[in-house]
Structures are given as structure tokens and as C-alpha cells.
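Quick note: UniProt numbering has the sequence shown finishing at residue 143, numbered continuously throughout.
Beta carbons are placed, not taken as given, at the ideal position from N, Cα and C, and that holds for glycine.
Just so it is clear, the structure is predicted and the values come from calculations on it, not from any experiment.
First up is the structure itself, then whatever we jot down about it.
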Amino acid sequence: ALLFEIPLFIALSIHGAGPFAKFLSNSDEVAEITAMMWRSIDWCYICYAVSTQLATVVLATQTHWYLYQSLIVNICYALPWAIALPLIGITPDTAWTYQKWVFGGSLVVSLGTILVMDTLWAFYLRGGRIRDVFFKQQRLLLE
């Protein structure tokens, strides 16, 4: 999927989003806004696609680890932004900038934390410790 998605994102970012939005809306203003939005967030969604695929490893084998990863991202990144944004005071001129930092940044931070979780998972799997936990969970479910 990534072999298709990444070139598509790059192509749309460079010269595809604006003309396509112009074709759909027949408005130069909408096309300009769409092109600006696409250029600023497309790389974040590449991070999102990669982190989603990497997260399935942890989610399929160690669900509580995935919970911890989500809590880390939400408490350490999203919560401070949720507290700070009402104090900062968003204007129409700065709204898209904060949108990029809050939502795009969350996707990037999530990728970083899931990479750490997958590395820990591989380390524990290699040491034989994941298998025991997984089978203990399965036995508890069957009892």
C-alpha cells in the first residue's frame, strides 16, 4: 500500500491538489486553499499510514502496550495543546498553523512512539518473553 500511497501523496502535493480542487469547485480561492492545506499535511499522513501498519503488530499481540502508547501520545502531546490553545487565542489567520501543529504533529509523535513500542516488542520477542505473556492471556480467555 505504501508503494502506491507515497508517490500519490508526493504527486498531489507538488502539482495535483490545486488543479483537482479547481476542477471540482470551479473556484480559484478554493483551489489555492486546498493546495496549501495539502502541502502542509500530506507528509503527516504518510507517518499515519506507516504508524497504523506498525501499530497492528503491537495491537495484535500486546493490546495493553497499544493502550500505553496511545496514552503517552495523548497525555504528552495532545493534552498540552488542548490546554494551551484556548489561552493562545486562535485567529482566522493562525488557525491553519495551529491545525498543522496539533493534528499533524500528533501523527508524527504517534509514529515515534509506535516505533519505540515495536522496538521493545521485537526485543522482548527475541528474548522469548512475549510468547509466554501471549499464551498466558490465551489460557485465561479459554478458562
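Along the chain, where does the alpha helix (DSSP H) that runs through residue i open and close?
{"i": "L12", "result": "L12 -> no alpha helix (DSSP H), and no H or E assigned at all."}
{"i": "Q99", "result": "95-99"}
{"i": "P86", "result": "79-88"}
{"i": "V108", "result": "105-126"}
{"i": "F70", "result": "The sequence given here places Ser at residue 70; Phe does not occur at that position. Taken as a continuous stretch (DSSP letters only), the alpha helix (DSSP H) holding S70 covers 63-73."}
So, under 8 Å CB-CB, residue i and residue j are touching, yes? Tell me the CB distance rounded to an integer number of Å.
{"i": "Q69", "j": "V57", "result": "That belief does not hold up - the Cβ atoms of Q69 and V57 are roughly 11 Å apart, past 8 Å."}
{"i": "E5", "j": "A35", "result": "Going by Cβ atoms, the distance from E5 to A35 rounds to 19 Å, so no, they are not a contact pair."}
{"i": "G105", "j": "Y77", "result": "7 Å"}
Suppose the cutoff is 7 Å on Cβ atoms and the five residues either side in sequence are ignored; what does the same chain contact list for residue i look like?
{"i": "W38", "result": "L12, S13, A17"}
{"i": "I72", "result": "T113"}
{"i": "L67", "result": "none"}
Cβ atoms of residue j and residue i: under 7 Å apart, would you say?
{"i": "S51", "j": "S110", "result": "yes"}
{"i": "L107", "j": "C47", "result": "yes"}
Who are the near neighbours of residue i in its chain, counting only those whose CB is closer than 6 Å to its CB and skipping five residues on each side?
{"i": "A31", "result": "G18, A21, K22"}
{"i": "A60", "result": "none"}
{"i": "V102", "result": "W81"}
{"i": "L54", "result": "I114, D118"}
{"i": "K100", "result": "S40"}
Can you list, in chain order, the residues of its chain with a C-beta nearer than 8 Å to that of residue i? Leave out the 5 residues immediately preceding and following it.
{"i": "T97", "result": "none"}
{"i": "Y45", "result": "F9, L107"}
{"i": "residue 161", "result": "Within the shown structure, residues of the chain are numbered from 1 to 143, placing residue 161 beyond reach of any answer."}
{"i": "G128", "result": "none"}
{"i": "D28", "result": "K22"}
Comparing the C-beta of residue i with each C-beta of chain C, is any distance below 7 Å?
{"i": "L71", "result": "Reference to chain C is not applicable here, since this structure consists of a single protein chain."}
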